[in-house]
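Q: Residues 30 to 367 in the working numbering are what the sequence shown lists, from first letter to last.
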Amino acid sequence: MKFFTKNLAIDLGTANLLVYAQGEGIVYNEPCVVAVGLNNSGRRKVLAVGHEAKKMIGRTPEKIRAIRPLRNGVIADFELAQAMLREVIKKTSSLTSIFKPRIIICVPYGVTEVEKRAVKEAAESAGAREVYLIEEPIAAAIGAGLPITAACGNMIIDIGGGTTEIAIISMKGIVYSQSVRIGGDVMDDAIQNYVRRHFNMLIGERTAEQIKIEIGSAMDDGEDKEIEIRGRDLLQGVPKTTMIGTPHVRKALAEPINQIIEAVRLALEKTPPELAVDIYDHGITMTGGGSLLKNIDRLISEKTNLPVAVAANPLTTVVMGAGAILDRLDLVKELMLD
Numbered sequence: 030m031k032f033f034t035k036n037l038a039i040d041l042g043t044a045n046l047l048v049y050a051q052g053e054g055i056v057y058n059e060p061c062v063v064a065v066g067l068n069n070s071g072r073r074k075v076l077a078v079g080h081e082a083k084k085m086i087g088r089t090p091e092k093i094r095a096i097r098p099l100r101n102g103v104i105a106d107f108e109l110a111q112a113m114l115r116e117v118i119k120k121t122s123s124l125t126s127i128f129k130p131r132i133i134i135c136v137p138y139g140v141t142e143v144e145k146r147a148v149k150e151a152a153e154s155a156g157a158r159e160v161y162l163i164e165e166p167i168a169a170a171i172g173a174g175l176p177i178t179a180a181c182g183n184m185i186i187d188i189g190g191g192t193t194e195i196a197i198i199s200m201k202g203i204v205y206s207q208s209v210r211i212g213g214d215v216m217d218d219a220i221q222n223y224v225r226r227h228f229n230m231l232i233g234e235r236t237a238e239q240i241k242i243e244i245g246s247a248m249d250d251g252e253d254k255e256i257e258i259r260g261r262d263l264l265q266g267v268p269k270t271t272m273i274g275t276p277h278v279r280k281a282l283a284e285p286i287n288q289i290i291e292a293v294r295l296a297l298e299k300t301p302p303e304l305a306v307d308i309y310d311h312g313i314t315m316t317g318g319g320s321l322l323k324n325i326d327r328l329i330s331e332k333t334n335l336p337v338a339v340a341a342n343p344l345t346t347v348v349m350g351a352g353a354i355l356d357r358l359d360l361v362k363e364l365m366l367d
């Protein structure tokens, strides 16, 4: 059947949506943003998806809005998520497909029954033949090359746009996991709030993200940088430019990073002693876009006294893990959520 259809694995993230096509690899990697407008009857109409829609954030007229259909790793706007999935499945499925695709979708650990049903219904209505939901920590561990089938403990930290998933995995299952609603978006919000308080200046979320990527750091390593940022002066209401440095960003990010570290400590406290020994030997693996924040791996290592390594391709680890099991229907059924 695989010759007549193209089965897909989807990492439906808060920040980015990635699609892995069976036999081809990653065929779609764009921001999880939808631009919508109103038609003559007042109904919403999708105008753009992905990169094109993200460019519109903060720059649209009143009748057009750029919206993120997912918040904190789950669907916040079912109608737009369905429209986005339909568009993406149409783009990435074979034009000559006879059968609808079988789709694996990665979801955060601890997702509720209502949220699971929303994801499955969105994918089915968008054209999926069968939908399997797999927890992100499992997919991330597979994508990072961890031996999840072995009787040994592996710890993974996946820092995404909306959530941070922390899991202890052994023998194809999650022994302990915690999902905290802190990720790249919360870090961006923290930078925006810091700039508002300390510079009396309002900046957009894209500027905050740029600051985080270019000069953000989790701990002081003696290498400080500065960049110029532009926004609106809150006192005079006019455009304004100023310089911001790494120490400012470090202070802004301190609270969300500390919350992630506390969640990691809690996970280690809950780990059975035998698995704790394995983690001490093997260390912690980090994935997700948040793991690219400079020195965050060093800080977690310092706070836990454990070796910490960032996966080779942290942005694509989850979807690559899900894609790796597209040919293993038996394994999919062992790992899937009910």
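The C-beta atom is built at its ideal place from N, Cα and C for all residues, glycine as well.
On a predicted model such as this, the values are computed, not experimentally measured, just so you know.
Taking only three categories from DSSP, how would you classify Tyr49?
A: DSSP places Tyr49 in strand when its eight states are reduced to three.
Q: According to DSSP, simplified to helix, strand and coil, what is Gln288?
A: Three-state DSSP puts Gln288 in a helix.
Q: Buried or exposed: where does His227 fall if 16 or more other Cβ atoms within 10 Å of its Cβ makes it buried?
A: Burial call: exposed.
Q: Between the C-alpha atoms of Asp310 and Ile197, what's the straight-line distance to the nearest angstrom?
A: Going by the C-alpha atoms only, they are around 14 Å apart.
Q: Across which residues does DSSP place Gly260 in a beta bridge pair?
A: Answer is Lys269, bridged to Gly260.
Q: Between Asp106 and the rest of its own chain, which residues show a CB-CB distance below 6 Å, the 5 nearest in sequence each way excluded?
A: Correct list, in chain order: Pro98.
Q: Should the stretch 290–297 be regarded as contacting the stretch 150–167, the criterion being three or more beta carbon pairs within less than 8 Å?
A: As far as the Cβ criterion goes, the stretch 290–297 does not touch the stretch 150–167, which means the pair count is below three.
Q: Can you list, in chain order, the residues of its chain with a C-beta nearer than 6 Å to that of Val56? Leave out the 5 residues immediately preceding and following it.
A: Closer than 6 Å at the Cβ level, and outside the excluded window around Val56, lie Val48, Ala50, Thr121.
Q: Work out the CA separation of Ala170 and Asp262 for me, nearest whole Å.
A: Those two C-alpha atoms are separated by around 45 Å.
Q: Pull the bridge partners of Asn58 from the DSSP assignment, please.
A: The partner list for Asn58 (beta bridge, DSSP) reads Leu47.
Q: Check Thr346 in the structure and name its three-state DSSP category.
A: Looking at Thr346 - three-state DSSP - the assignment turns out to be helix.
Q: If we count the other Cβ atoms within 10 Å of its Cβ and call it buried at 16 or more, is Gly352 buried or exposed?
A: Flag for Gly352 reads buried.
Q: Count the other CB atoms within 10 Å of the CB of His80; is the residue buried (16 or more) or exposed (fewer)?
A: Counting Cβ neighbours within 10 Å, His80 comes out exposed, since fewer than 16 surround it.
Q: Are the CB atoms of Ile240 and Ile273 within a distance shorter than 8 Å?
A: Contact: yes.
Q: Among Met230, Ile290, Ile286, which has the Cα closest to the Cα of Thr6?
A: Outside the displayed range of the chain (30 to 367) lies residue 6, so it cannot be described from this structure.
Q: Give, in chain order, every unbroken run of the beta strand (DSSP E) that is at least 3 residues long and sits entirely within the stretch 82–146.
A: Those beta strand (DSSP E) runs which fall completely within the stretch 82–146 and span 3+ residues are 93–96, 131–136.
Q: From what residue to what residue does the beta strand (DSSP E) around Met248 run?
A: Run containing Met248: none; DSSP gives neither H nor E here.
Q: Quick check on the DSSP output: the beta strand (DSSP E) that includes Asp40 runs from which residue to which?
A: Here the beta strand (DSSP E) through Asp40 covers 37–41.
Q: Can you tell me which of the three DSSP states Lys201 falls into?
A: In the structure shown, Lys201 sits in coil (DSSP, three-state: anything other than H, G, I, E or B).
Q: Given this structure, state the Cα-to-Cα distance separating Asp356 from Ala38, to the nearest angstrom.
A: Using only the alpha carbons, I get a separation of about 11 Å.
Q: Judging by CA-CA distance, which residue of Ile290, Ile185, Thr141 is the nearest neighbour of Pro343?
A: When only C-alpha atoms are compared, the closest one is Ile185.
Q: Could you tell me the boundaries of the beta strand (DSSP E) in which Thr314 lies?
A: Counting along the chain, the beta strand (DSSP E) containing Thr314 begins and ends at 313–316.
Q: For Arg226, report the span of its alpha helix (DSSP H) as first-last.
A: Its alpha helix (DSSP H) spans residues 213–228.
Q: Taking only the alpha-carbon atoms, compute the straight-line gap between Asp307 and Leu322 and give it to the nearest angstrom.
A: Near 26 Å, if we compare the C-alpha coordinates of Leu322 and Asp307.
Q: In whole angstroms, what separates the C-alpha of Pro130 from that of Ile313?
A: Each residue's alpha carbon lies about 35 Å from the other.
Q: Measure how close the beta-carbons of Ala292 and Thr193 come, nearest whole angstrom, since I'm counting them as under 8 Å.
A: About 7 Å; that satisfies the 8 Å criterion.
Q: Could you please give the first and the last residue of the uninterrupted beta strand (DSSP E) stretch that includes Gly66?
A: From DSSP, the beta strand (DSSP E) with Gly66 extends over 63–67.
Q: Use the C-beta contact count for Ala179: other C-beta atoms within 10 angstroms, 16 or more gives buried, fewer gives exposed.
A: So Ala179 ends up on the exposed side.
Q: So what does DSSP say about Gly156, is it helix, strand or coil?
A: Reduced to three states, the DSSP call for Gly156 is coil.
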